[in-house]
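Below is one structure; the comments refer to it alone.
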Amino acid sequence: MFPVDLATANKALKPSRSTSLALIALSTLAVFYISLWRELPAGAQPPVGAEPPQTNSPLAVEPVSGNQLNRIAATTAQTPINQSATYVGKQVCRECHAENHRLHAAHGHAHTFRAADDPEVVEKFSGRTYTTPEGYGTYTYESGKDGLLAKIPAKFGDQPFQLQYAIGSGHHGMTLLSLVPDPKEGTVGIEHRASWYRNGDQLGATPGQLHTQPETLSELFGQKHVGEVMRKCVDCHVTTGTIENQGIVNLTPNVNCEKCHGPGSVHVQQARSMNPPPPFSVGKQDWNAEAEIQLCGDCHRMPAAISQTELREYPKPLTRFQPIGLLRSECYLESEGQLKCTTCHDPHTTITAIELKVYVDKCIECHHSEATASELVTEPITTTTSPAKPHTVCPVSATTNCIECHMPSTTIDDYGTEFHDHWIRIHPEP
Ligand code: HEC
Ligand code: HEC
Ligand code: HEC
Ligand code: HEC
Ligand code: HEC
Ligand code: HEC
Ligand code: HEC
51 MFPVDLATAN KALKPSRSTS LALIALSTLA VFYISLWREL PAGAQPPVGA EPPQTNSPLA
111 VEPVSGNQLN RIAATTAQTP INQSATYVGK QVCRECHAEN HRLHAAHGHA HTFRAADDPE
171 VVEKFSGRTY TTPEGYGTYT YESGKDGLLA KIPAKFGDQP FQLQYAIGSG HHGMTLLSLV
231 PDPKEGTVGI EHRASWYRNG DQLGATPGQL HTQPETLSEL FGQKHVGEVM RKCVDCHVTT
291 GTIENQGIVN LTPNVNCEKC HGPGSVHVQQ ARSMNPPPPF SVGKQDWNAE AEIQLCGDCH
351 RMPAAISQTE LREYPKPLTR FQPIGLLRSE CYLESEGQLK CTTCHDPHTT ITAIELKVYV
411 DKCIECHHSE ATASELVTEP ITTTTSPAKP HTVCPVSATT NCIECHMPST TIDDYGTEFH
471 DHWIRIHPEP
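Okay, structure coming up:
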C-alpha cells in the first residue's frame, strides 16, 4: 500500500459527508489505476508524433491503360472522391506540394498535440511547482523513464500521476491531458489544473475549469471530461485518432492537410496517374464563404457552440472565437459572400510570419475610393466578382493602422493571452 493520507486530502478539500464516502470508495480505484499506469509497457500506446505509414507502396499506381483512366474518371464523376479515400499523411502531400508543406510546418496547426514527454513539453514543466488557489494541492513535476509525472508530495508523497498529452503549440500556452480509467465511463479525460503560458514563461491556472468536489484522486490533478467533451477535446487538435481504453489509436496528431482537405489517397493516386488530377476537396466548385467559415468554425467555433446570453452580451473572452465576431461584422454581412477567413489568412501560413500591413492592404482593397484604387498594392481579392462599387473610406485614417482601431487585440485572462476582435466595427474611444 502506498501512503495516501485520505484524511488530510478530505480535510483540505472539505467535502460533504456523502461525497467523502464516494471519495474514499473511488479513490481506492483511482489509486489502483495510478499504479497500473506505471506498469504499462513503454510501447503500450502508439507514439505521438508518428505519422501513418509514409511508404508509397499502398498508393503506388500500376501502369494505367486508357480504359482504366476512363473508368476512374467515370467513377469520380458519380461518387464523391472521399468516399473510399484513406489517410496518407502529410509527408505524401509534400512530394508534390512542397511549398504548402513547408509553410504549414511553421503553423500552430502543425504543433498543437504531442506526447507530454516530448522534450519541448518537459522543459516547460519539469522542476517547477504550482499551487492551485482552490486547495487541490501543490504540484511538483519531474520526468524520467515513465514520462512526465506530477506529484502532490505534501499529500501523497512519492505517488505520481502520469501526464500523457500536451495540447497547444505553445504560441499562447500548453495544457496537459491524461486519459484514465473510470468504473462508469470506461475512460475519462483529466485536464490538468496547471497550464504553461508563454507570457512570462510561467505555470498558471488552466482556463475554464470547474472547481467541483473531486470524487477520485485523479481529479485532484485535473478536471474530469467525459464522453463527447473528452472526444472533441482531442478531435479538434488531431487529424485522426480514436480514444480507446487509456490511449488513442490511429493517432495522427495536429491539424494536418487531410483534416481540412479530407483523406487524400484517391487524390494522390489520381495525381500520379493523370495530369492534372480531377479537382479534390477544397477544389470543389461549390466552395464558398459559408462553406469555408464552417470548416474553420468547426474548430474556431460557430455561434451554435455559444450560449445565447454570451452571443447577446459579447463578453471579451468571446474574441477567442474569431468566426463569431466575423459573422456579425458589416464587412461580412454587406459584401455579398466575398469576405471569408482566407480573404485575410492563407490557411497554410502562420500569422506570426505576416506583418499587419498585409491585413491593412486587404481592408483597403474594399475600403478605397476611386481615387486610391490605382494605388492598390495587392492582388484583388477576387478576379471574378469584384465589389460592385468602392466601399466607404475611413474619415479618420484612410490608409494605415486599421487593425489597432477596428480589430483591436484584447487580453482575455490574467496571463496576457491575446486575441484580435474579429467583429470589425467602430469602437468607442478608449
Ligand atoms: C481541426 C480543427 C481546426 C480547423 C478545421 C482549423 N483550425 Fe485553426 N487552429 C486550430 C487549433 C487547435 C489552433 C491552435 C494551434 C496552437 O496550438 O497554437 C489553431 C490556430 C490557428 C491560427 C493561429 C496560429 C498560427 O500559427 O497562425 C490561425 C490563424 C488559424 N488557426 C486559422 C484557421 C483557418 C483560417 C482555418 C480554416 C481554413 C482553420 N484555422 C481551421 C484548429 C483548427
Ligand atoms: C471545437 C474545437 C476545440 C475543442 C473541443 C477544444 N479546442 Fe483547444 N483549441 C481550439 C482552437 C481552434 C484553438 C486555437 C485558438 C486560437 O488561437 O484562436 C485551440 C487552442 C488550444 C490551446 C492553445 C492555447 C490557447 O489558449 O490558444 C490549448 C492549450 C487548448 N486548445 C487545449 C484544449 C483542451 C485541453 C481541450 C479539451 C478539454 C480543448 N482545447 C478543446 C479548438 C478546440
Ligand atoms: C486549416 C485547414 C487547412 C490545412 C491544415 C491545410 N489546408 Fe490546404 N487549403 C485550405 C483551404 C481553405 C484552401 C483554399 C484556399 C483558398 O481558397 O485560397 C487550401 C488550398 C490548398 C491548395 C490549393 C491552393 C494552394 O495553396 O496551392 C493546396 C495545393 C493545398 N491547400 C494543400 C495543402 C497541403 C499539402 C497541406 C498540408 C501540408 C494543407 N493544404 C493544409 C485549408 C487547409
Ligand atoms: C503526385 C503528386 C501529388 C500528390 C502526392 C498530392 N497532390 Fe495535390 N495536387 C496535385 C496536382 C498536380 C494538383 C493540380 C495542380 C495544382 O493545383 O497544383 C493538385 C491539387 C491539389 C489541391 C488543389 C485543389 C484541387 O482540388 O485541385 C489540393 C487542395 C491538394 N492538391 C491537396 C493535396 C493533399 C492534401 C495531398 C496529400 C494528401 C496532396 N494534394 C498530394 C498533385 C499531388
Ligand atoms: C470584402 C470586402 C471587405 C473587406 C476585405 C473589409 N471590409 Fe469593412 N466593410 C465592407 C462592407 C461592404 C461594409 C459595409 C459598409 C460599406 O459598404 O462600406 C464594411 C464596413 C466596415 C466598417 C463600418 C462598420 C460599422 O459597423 O459601421 C468598418 C469600421 C470596416 N468595414 C473596417 C474594415 C477593416 C478595418 C477591414 C480590414 C481588417 C475591413 N473593413 C475589410 C467590406 C469589407
Ligand atoms: C479582415 C481580415 C480578417 C479576416 C476576414 C479574418 N481574420 Fe483572423 N486575423 C486578422 C488579423 C489582422 C489578425 C491578427 C494578426 C496578428 O496578430 O499578426 C488575425 C488573427 C487571427 C487568429 C490568431 C488569434 C487572434 O485572434 O489574434 C486566428 C486564430 C484567426 N485570425 C482566425 C480567423 C478565422 C477562423 C477567420 C474566419 C472566420 C478569420 N480569422 C478571418 C484578420 C482577419
Ligand atoms: C485611429 C483609429 C482609426 C484608424 C487607424 C482607422 N480608423 Fe476607421 N474609423 C475610426 C473611427 C473613430 C471611425 C468613425 C468615424 C465617424 O463616425 O466619424 C471610423 C470609421 C470607419 C469606417 C466607416 C466609415 C463610414 O462612413 O461609415 C470604415 C469603413 C473604416 N473606418 C475603415 C478603416 C480602414 C480600412 C482603416 C485602415 C486603412 C481605418 N479605418 C483606420 C477610427 C480609425
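Heads up, the numbering used here is the position in the sequence shown plus 50, with the first residue counted as 1.
Here a beta-carbon is modelled for each residue, glycine too, at the ideal position from N, C-alpha and C.
As the structure is a prediction and not an experimental result, all values here were calculated from the model.
Boundaries of the alpha helix (DSSP H) harbouring L383: E380 to L383, taken from the DSSP string. Here the C-alpha atom of T302 lies approximately 14 Å from the C-alpha atom of A216. In this structure G254 is in contact with S245, their Cβ atoms being roughly 6 Å apart against a cut-off of 8 Å. Leaving aside the five residues that flank C286 on each side, the residues in its chain whose CB is nearer than 7 Å to its CB run, in chain order, C349. Residue burial is scored here from C-beta neighbours: Q320 has at least 16 other C-beta atoms within 10 angstroms and is therefore classed as buried. Distances from the CB of P397 to the heavy atoms of ligand 3 include at least one below 7 Å.
In the three-state reduction of the DSSP assignment, Q209 falls in the coil class. As a beta-bridge residue in DSSP terms, Q252 pairs with Y247. DSSP, read as helix, strand or coil, puts S268 in helix. Residues close to ligand 7 by the beta carbon criterion (under 7 Å to any non-hydrogen atom) are, from first to last along the chain, V410, C413, I414, H417, H441, T442, V443, C444, P445, V446, S447, A448, T449, T450, N451, C452, E454, C455, H456 and I476. Contact between A156 and A354 fails: their C-beta atoms lie close to 31 Å from each other, not under 8 Å. By the 16-neighbour rule on beta-carbons within 10 angstroms, G207 is exposed.
Going by DSSP, D285 is part of the alpha helix (DSSP H) stretching over G277 to D285.
Where E308 is concerned, the enclosing alpha helix (DSSP H) starts and stops at C307 to H311.
Uninterrupted alpha helix (DSSP H) stretches at least 4 residues long and entirely within the region 323-411 occur at 339-350, 358-363, 372-377, 380-383 and 391-394, given in chain order. Cβ atoms of G223 and T467 come within 8 Å of each other, at about 7 Å. Collapsing the DSSP output to three states places N300 in a strand.
Measuring C-alpha to C-alpha distances from C394 to each of M457, E278 and I462 identifies M457 as the nearest. Using a cutoff of 7 Å, the CB of T162 counts as near ligand 1, since one of the ligand's heavy atoms is closer than that.
A339 and L389 do touch by the CB rule: their CB atoms are close to 7 Å apart, below 8 Å.
When DSSP states are grouped into helix, strand and coil, E145 belongs to the coil group.
Beta-carbon to beta-carbon, I202 and L270 are separated by about 6 Å, close enough to satisfy the 8 Å threshold. Cα atoms of C143 and T399: separation of roughly 16 Å, rounded to the nearest angstrom. The Cβ neighbour count for G375, taken over all protein chains shown within 10 Å, is at least 16; the residue is labelled buried. Remark: the shortest separation between the CB of L345 and any heavy atom of ligand 2 does not fall under 7 Å. Ligand 1 never approaches T290 closely enough for any of its heavy atoms to be under 7 Å from the residue's Cβ. Between V138 and S379, the beta carbon gap of about 37 Å keeps them out of contact (Cβ cut-off 8 Å).
Distances from the CB of Q388 to the heavy atoms of ligand 6 are all 7 Å or more. Residue side-chain check: T393 places its Cβ nearer than 7 Å to a non-hydrogen atom of ligand 5.
Applying a distance threshold of 5 Å between residue Cβ atoms and the heavy atoms of ligand 2 selects I217, G218, H222, G223, T225, E241, K282, C283, C286, C349 and H350, given in chain order.
Short of 7 Å from the beta carbon of V238, and not among the five residues preceding or following it, lie these beta carbons of its own chain, in chain order: V230, D232, K274, H275, V276 and M280. The beta carbon of E308 is closer than 7 Å to those of Y137, T289 and G314 in its chain, skipping five residues each way along the sequence. Going by DSSP, I462 is part of no alpha helix (DSSP H) at all; its letter is neither H nor E. In the DSSP assignment, E170 falls within the alpha helix (DSSP H) that extends over P169 to F175. S219 is not a Cβ neighbour of T256, given a cutoff of 8 Å.
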